[in-house]
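Chemist: Got a structure here, written out as structure tokens. Questions coming.
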Amino acid sequence: MSGDVRFTVTRTLTKDQQARRERLIDAARDLAREGGYPAVTMHDVADRAGVARATVYRYFATKDHLLTEVAATWAHRITGDIDALAVGDTPVERLTALLERIVEVAAQERTLTSAIIQAVTSDDSSVDDARTVLFLFVRDRLSAAIGEPVPARDDVEVVLGHILLAALVSLASLRRPTEEIADMVRTSGRLVLAGALAGATTA
């Protein structure tokens with residue numbers, strides 16, 4: 001995986017337009033933190049950002065599209081922290097540190113996490129492109145955390161992505177305890193990598 005996965009639409013925006021778009025994302029994130037998914041309406045996002053409602057629709061087709069972009073900025077912030085910490089000397093240590101960090105932040109912001117999970121898993125077709133970019137970015141970060149060559153790397157990244165999504169759903173929607181979910185992603189990360197490596201030695 002390459003390291004240049006980018007947000008959707010930002011390449012064609014002027015500096016002022018990009019700043020306005022980011023202000024809308026910040027407004028939606030704050031509303032989701034305060035009241036969850038129901039609190040995020042295009043009207044309230046426009047009011048919070050200080051723009052006309054029509055402006056919101058110039059950048060985001062629907063509420064779920066907007067919240068999926070909120071999820072993307074959230075993912076960049078969390079994984080940026082891990083990069084700065086440079087945690088772990090082995091693929092398993094780096095991978096589990098990343099997974100645990102995501103669970104830790106998600107647990108601190110359960111209301112926001114629940115809102116973005118609801119949006120990201122929506123059947124709203126306007127979410128498709130933004131969701132694809134988000135999932136590719138997460139795969140890219142998982143790949144970077146593993147670092148070293150791993151057999152069937154694409155399959156490993158896809159499986160880890162599904163594990164992470166299931167963990168966030170359990171944490172935010174099912175309200176499972178943080179330590180239970182952290183232990184689950186630690187164990188899953190170790191097993192997936194061990195399975196991939198074991199498969200290579202017996203192939």
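To convert, note that position 161 of the sequence shown is 161 in our numbering; the numbers rise steadily by one, no gaps. Positions of the beta carbon are idealized from the N, C-alpha and C atoms, including for glycine.
1. Between the region 177-187 and the region 143-159, do at least 3 Cβ pairs fall closer than 8 Å?
2. At the level of alpha carbons, what is the spacing between Leu24 and Arg139?
3. Using 8 Å as the cut-off, can you tell me whether the region 59-70 makes contact with the region 125-133, which would need three or more C-beta pairs spanning the two stretches below that distance?
4. Can you name, in chain order, every residue of its own chain whose Cβ lies under 8 Å from the Cβ of Arg110, other than the five neighbours on each side?
5. Would you mind reading off the limits of the alpha helix (DSSP H) that contains Phe135?
6. Let's see if you can read the secondary structure: which residues bound the alpha helix (DSSP H) around Ser114?
7. Relative to the C-alpha of Val51, which residue among Asp183, Arg101, Ala28 is closest?
8. I'd like to know if the region 91-106 and the region 143-154 are in contact, where contact means that at least 3 CB-CB pairs between them fall below 8 Å.
9. Of all the options Val120, Leu193, Thr14, Met42, which has the alpha carbon lying nearest to the alpha carbon of Ala75?
10. In whole angstroms, what separates the C-alpha of His43 from that of Glu69?
11. Could you tell me if the beta carbon of Ala72 falls within a distance shorter than 6 Å of some heavy atom in the ligand ADP?
12. Looking at C-alpha atoms only, which residue of Asp30, Arg33, Ala39, Thr55 is the closest neighbour of Arg20?
Modeler: For this structure:
1. These segments do not touch.
2. The alpha-carbon atoms of Leu24 and Arg139 are separated by roughly 26 Å.
3. Taking one beta carbon from each stretch, the region 59-70 and the region 125-133 have 3 or more pairs nearer than 8 Å; the two touch.
4. Taking Arg110 as the centre and dropping the five residues before and after it, the same chain places the C-beta of Leu171, Ala172, Arg175 closer than 8 Å to its C-beta, in chain order.
5. 128-146 is the span of the alpha helix (DSSP H), which, as asked, contains Phe135.
6. Unbroken alpha helix (DSSP H) run through Ser114: 110-120.
7. Ranking Asp183, Arg101, Ala28 by CA distance to the CA of Val51 puts Ala28 first.
8. Remark: three or more beta-carbon pairs, one from each stretch, lie closer than 8 Å, so the region 91-106 and the region 143-154 are flagged as touching.
9. The shortest C-alpha separation from Ala75 is found at Val120.
10. Rounded to whole angstroms, His43 to Glu69 spans 17 Å at the Cα level.
11. In the structure shown, the ligand ADP is absent, as is every other ligand, since no ligand is present at all.
12. Nearest C-alpha to Arg20: Thr55.
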